[in-house]
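Okay, so here's the structure we're looking at.
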Amino acid sequence: FKIFVDSGDFLLPLVFFALFLGLNFSFDKVLTRPAVQLFESLSRVFYHMAKFLNEILGLGIVVLAGFFVSHIRLSDEIELYSQLILLLGLLTAFIVLGLYPALLYYFTGKRNPYKLLYAIAAPAVAAFFSGNSYFAMVPLTGHVKENLGVPRKVGAVTLPLFTLLSKAGTAMVTSITFVVILKSYSSLGIGFSEILWIMSFSLLISLLTSATPGLGVIAALAAIAGLYGRGIEEGFLIVYPILPILNSFAVFLDTITSGLGSLVVSYSEDNQKEIYAKDFI
210 FKIFVDSGDF LLPLVFFALF LGLNFSFDKV LTRPAVQLFE SLSRVFYHMA KFLNEILGLG
270 IVVLAGFFVS HIRLSDEIEL YSQLILLLGL LTAFIVLGLY PALLYYFTGK RNPYKLLYAI
330 AAPAVAAFFS GNSYFAMVPL TGHVKENLGV PRKVGAVTLP LFTLLSKAGT AMVTSITFVV
390 ILKSYSSLGI GFSEILWIMS FSLLISLLTS ATPGLGVIAA LAAIAGLYGR GIEEGFLIVY
450 PILPILNSFA VFLDTITSGL GSLVVSYSED NQKEIYAKDF I
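This is the structure:
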């Protein structure tokens with residue numbers, strides 16, 4: 210049971226081991242059939258367990274939403290960060306409602322992108338209020354298959370990899386927040402080279418935040434502040450009061466990216482089924 214309390218730094222090696230193991234199942238189909246059938250059965254059992262959790266997850270989301278709202282209301286310093294929160298909200302809305310629909314329209318054969326976004330609305334809400342990408346992966350798994358029409362054999366590979374490595378939201382929130390931290394330390398302008406450095410390292414560091422679910426943004430900020438130096442190694446503590454909000458925006462965008470990324474992969478392989486909105490779970 211240590212997997213439930215320890216860090217998640219074992220997950221990425223586990224995924225690559227699973228891929229390596231799966232690639233070696235093809236050398237002799239007769240000898241490997243029992244092992245393949247075992248893992249296939251376990252995969253189906255775990256999927257049905259996830260479907261059961263989806264049914265009872267609604268109550269948990271209500272509790273998380275209540276805790277999230279109460280945390281914001283009880284925070285006396287929330288007004289100090291109103292501009293940062295507004296900026297993150299506007300950028301997130303632009304990406305989700307503008308940029309992603311345009312990309313979906315191009316990569317999925319000119320289909321209605323907003324219907325596809327609606328298909329994973331529930332996992333996105335779970336991601337926002339929990340601030341944990343692994344928690345959101347439970348409903349995302351079911352919605353990607355039942356609503357987006359991504360078959361299990363595709364989603365079983367893409368979703369874990371995207372959840373571990375697709376950190377667009379974490380990189381965005383980290384880079385913007387670190388720029389705000391720099392501005393709070395100095396009234397001097399930030400040059401283009403510094404902005405490029407911040408964006409590049411935010412992207413690279415975000416790929417390593419899978420080991421800290423629920424704390425990805427603060428871990429990335431601590432790492433990039435340490436690399437930047439110049440007396441602001443502990444500057445990330447400035448935004449600690451709004452850490453849950455920062456994580457919410459980051460994981461919200463990460464989860465949507467994972468779901469839509471799986472859809473695009475499945476569509477590109479001609480292995481995706483059209484699901485009507487009236488049949489969504």
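Residues 210 to 490 in our numbering are what the sequence shown spells out, letter by letter. Cβ coordinates follow ideal geometry from the N, Cα and C atoms, glycine included. Keep in mind the model is a prediction, meaning the values are calculated, not measured.
Assigned with DSSP and collapsed to three states, residue 457 falls in helix. In the three-state reduction of the DSSP assignment, residue 375 falls in the coil class, being assigned neither a helical nor a strand state. Ranked by Cα distance from residue 357, the first of 391, 327, 373, 223 is 327.
Distance between residue 377 and residue 288, taken at the CA atoms: about 26 Å.
Taking C-beta atoms under 8 Å as the contact rule, residue 402 and residue 384 fail to qualify, at a distance of about 14 Å. If one requires a minimum length of 4 residues, the alpha helix (DSSP H) runs lying completely within the segment 262-320 are 291-303, 309-316, in chain order. By the Cβ test, the segment 313-323 is not in contact with the segment 218-237, since fewer than three Cβ pairs between them sit closer than 8 Å.
Per the coordinates, the alpha-carbon of residue 269 lies some 25 Å from the alpha-carbon of residue 302. Beyond the five residues adjoining it in sequence on each side, residue 348 comes within less than 7 Å, by CB distance, of 263, 266, 331, 332, 335 in the same chain, given in chain order.
Around residue 346, the same chain offers 372 as residues with beta carbons nearer than 6 Å, after the five sequence neighbours per side are excluded. Nearest neighbour of residue 316 by Cα position, chosen from 487, 248, 471, turns out to be 471. Scanning its chain for C-beta atoms nearer than 7 Å, with the 5 sequence neighbours on each side dropped, one finds around residue 418 the residues 376, 379, 425, 428, 429, in chain order. In terms of CA proximity to residue 395, 439 leads the group 248, 483, 465, 439. With contacts defined by Cβ atoms closer than 8 Å, residue 462 and residue 408 do not form a contacting pair.
For residue 413, the enclosing alpha helix (DSSP H) stretches over residues 401-415.
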